[in-house]
């Protein structure tokens, strides 16, 4: 089963670190906060998603 990435918009501060680590997964939306652009992660992006979650300064990214 493919993993999913979720951004908690209430926690996100829009620092952009996730887009630097994994631009193929994240973008900054019109609200200035991170958005996921990939619904289900292909296996080759799972490590980048986990890395983004680990580096998020407010733990707003969850990989399920």
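Numbering (the numbering used here), first residue to last: 99 to 162. Glycine included, C-beta positions come from ideal geometry on N, C-alpha and C.
- Assignment of residue 134 by DSSP, reduced to helix, strand and coil, places it in the strand class.
- Here DSSP, grouped into helix, strand and coil, assigns residue 103 to strand.
- DSSP lists 133 as the beta-bridge partner residues of residue 125.
- Residue 156 is positioned such that its CB atom lies no closer than 8 Å to that of residue 116.
- Scanning its chain for C-beta atoms nearer than 8 Å, with the 5 sequence neighbours on each side dropped, one finds around residue 139 the residues 100, 101, 102, 103, 123, 147, 161, in chain order.
- Residues 105, 106, 109, 110 of the same chain have their beta carbon placed closer than 6 Å to that of residue 158, with the five preceding and five following residues left out of the count.
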